[in-house]
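Residue numbers (our numbering): 25 to 420.
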Ligand code: LMR
């Protein structure tokens with residue numbers, strides 16, 4: 025039956041976890057996958073989450089099937105976080121939100137829906153983008169193209185080229201945009217640039233699809249949602265795939281959401297009916313635990329404040345590690361200027377290391393990074409940073 029099955033290539037990010045787990049070296053460091061670790065090298069279980077879980081355990085709720093679109097209180101909490109709970113969009117019934125299996129699940133529901141709506145549209149992702157964007161939209165049978173984004177020499181954005189590319193796309197082209205903490209580069213657009221992008225999307229009738237997986241990891245919940253507000257103000261319809269994997273440190277619970285801004289309430293009802301159909305034919309309905317925990321935290325003023333404080337702690341520690349990495353590389357006598365790492369935002373740094381250097385990091389030093397040179401700064405800590413600095417200095 026399976027004699028013709030070929031070996032699939034290893035996933036460029038999750039495949040690294042497999043290789044890392046199989047590595048017997050005690051000094052190994054995993055800077056591959058985008059996961060936040062504490063200074064002790066542990067994935068934190070946030071206090072706010074623990075409180076909500078305690079209450080949930082005590083209440084012992086039954087585990088019936090959820091609605092296809094998930095827990096209503098969760099979907100509302102997501103909307104409040106993304107748009108502000110007093111947003112006129114919500115009052116007008118112009119937002120459809122469905123709980124999803126992480127941010128990946130949100131992208132996939134959106135992709136399947138869009139394929140039915142615009143079967144001939146292309147999907148444009150940034151160059152470079154999260155490895156899974158291309159694979160995910162291709163698996164939904166879209167042709168995926170790239171728009172210029174990262175400018176290696178300046179460690180900035182090729183903004184004029186990006187805008188020019190967007191201007192040249194056919195109507196209904198789906199534009200995947202990293203709303204904050206661009207993955208993999210850590211280089212974001214300014215608010216003014218977002219306004220220009222939104223204007224072009226509106227003029228050209230493109231379909232903006234914002235990927236917001238790292239809200240709270242650059243400057244905070246509110247400022248990191250700036251791109252969403254810009255698109256709201258532009259008055260157009262758009263998609264958002266959001267995730268609590270990172271911001272709640274709930275990676276394995278798969279808590280995300282797809283939100284779609286529509287033109288009117290009756291459009292929302294029809295769009296939701298189609299989204300439910302996509303969900304039903306993929307996995308019927310989402311799981312209960314993660315969504316109810318996040319809803320409890322977001323809907324309790326005390327737990328929400330606790331969560332925001334813990335999120336700020338994660339954000340600050342990442343920034344400390346960025347500074348430590350740059351300063352220690354300089355102190356080590358590395359000639360190459362790494363100061364740009366301090367300005368990058370979110371969990372990642374596009375380090376500029378090439379594939380060969382990344383391979384040497386792994387083979388000779390047990391340090392795992394994505395072959396593009398992306399390193400997860402959120403996995404650095406005061407115990408492993410010297411080993412990482414020494415190894416980078418050695419491979420340079
Ligand atoms: C990453 O980019 O490392 C994360 O988003 C995890 C993943 O699923 O790839």
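All C-beta atoms in this analysis are idealised placements derived from N, C-alpha and C, irrespective of residue type, glycine included.
message: Buried or exposed, going by whether 16 or more other CB atoms sit within 10 Å of the CB of residue 378?
response: exposed
message: As a quick exercise: from 268, 257, 86, pick the residue whose alpha carbon is nearest that of residue 287.
response: 257
message: Would residue 229 and residue 196 be called neighbours here (beta carbons separated by less than 8 Å)?
response: In contact: residue 229 and residue 196 (Cβ atoms closer than 8 Å).
- request: Select from 279, 284, 81, 275 the residue whose C-alpha is nearest the C-alpha of residue 232.
  value: Comparing C-alpha distances from residue 232 to each of 279, 284, 81, 275 shows the shortest one belongs to 284.
query: Taking the DSSP output, what are the residues bridged to residue 120?
result: Paired residues: 284.
message: Just checking residue 198 against the ligand LMR - is the residue's beta carbon closer than 7 Å to any of the ligand's heavy atoms?
response: no
task: Go ahead and pull the three-state DSSP assignment for residue 233.
output: strand
field: From 121, 396, 77, 138, residue whose alpha carbon lies closest to that of residue 200
entry: With distances taken between Cα atoms, residue 200 lies closest to 138.
- request: Identify the continuous beta strand (DSSP E) that holds residue 245 and give its terminal residues.
  value: That residue, residue 245, is in no beta strand (DSSP E); its alpha helix (DSSP H) goes 245-248.
task: Give the straight-line distance between the Cα atoms of residue 264 and residue 282, rounded to the nearest whole angstrom.
output: If I take the Cα positions, the gap works out to 6 Å.
query: Bridge partners of residue 181, per DSSP?
result: 174
- prompt: Thinking C-beta only, is residue 275 closer than 8 Å to residue 16?
  reply: This structure does not reach residue 16, given that the chain is present from 25 up to 420, and the question cannot be answered.
query: According to the Cβ coordinates, are residue 319 and residue 101 closer than 8 Å?
result: yes
Same chain, Cβ closer than 7 Å to residue 70, five either side skipped, listed in chain order: 272, 273, 331, 334
message: Give me the DSSP bridge partner(s) of residue 168.
response: According to the DSSP secondary-structure assignment, residue 168 is paired through a beta bridge with 147.
message: Just to be sure I understand the criterion: a residue counts if its Cβ is closer than 5 Å to at least one heavy atom of the ligand LMR. Which residues meet that?
response: Those satisfying the condition are, in chain order, 37, 57, 58.
query: Shortest alpha-carbon distance to residue 252 belongs to which of 68, 36, 106, 83?
result: 106
query: Would the beta-carbon of residue 36 fall within 8 Å of that of residue 394?
result: Taking 8 Å as the cut-off, the Cβ atoms of residue 36 and residue 394 count as close.
query: For the putative contact between residue 300 and residue 92, defined by C-beta atoms under 8 Å, what is the C-beta separation to the nearest angstrom?
result: 4 Å
query: How is residue 313 classed by DSSP in three states: helix, strand or coil?
result: In the structure shown, residue 313 sits in a helix (DSSP, three-state: H, G or I).
- prompt: Just reading off the beta strand (DSSP E) that residue 130 is part of, what are its end residues?
  reply: It is not in any beta strand (DSSP E) - residue 130 instead sits in the alpha helix (DSSP H) that spans 126-141.
message: In chain order, what are the residue ranges of uninterrupted alpha helix (DSSP H) at least 4 long that sit wholly in the stretch 290-367?
response: Counting only runs of 4 or more, we get 313-323, 325-355, 364-367.
message: Buried or exposed, going by whether 16 or more other CB atoms sit within 10 Å of the CB of residue 347?
response: exposed
- prompt: Excluding sequence positions up to five away, which residues of its chain have a Cβ less than 6 Å from the Cβ of residue 209?
  reply: Excluding residues up to 5 positions away in sequence, 174, 374 lie with their Cβ nearer than 6 Å to the Cβ of residue 209 in the same chain.
- prompt: By DSSP, does residue 374 sit in helix, in strand, or in coil?
  reply: strand
message: What residue range does the alpha helix (DSSP H) around residue 27 cover?
response: No alpha helix (DSSP H) contains residue 27, which DSSP labels as neither H nor E.
task: Say whether the stretch 310-317 touches the stretch 152-171, bearing in mind that this needs 3 or more beta-carbon pairs closer than 8 Å, one atom from each stretch.
output: no
message: Is residue 275 a contact residue of the ligand GDP, with contact defined as CB to any heavy atom under 7 Å?
response: For the structure depicted, the ligand GDP is absent and the ligand set comprises only the ligand LMR.
For residue 265, three-class secondary structure by DSSP: strand
Nonlocal neighbours in the same chain, by C-beta distance under 7 Å from residue 79, ignoring five residues either side: The beta carbon of residue 79 is closer than 7 Å to those of 320 in its chain, skipping five residues each way along the sequence.
- request: Starting from the Cα of residue 178, find the closest Cα among 76, 216, 361, 405 and give me that residue.
  value: 361
message: On a Cα-Cα basis, can you pick out the residue from 352, 33, 172 that is closest to residue 148?
response: 172
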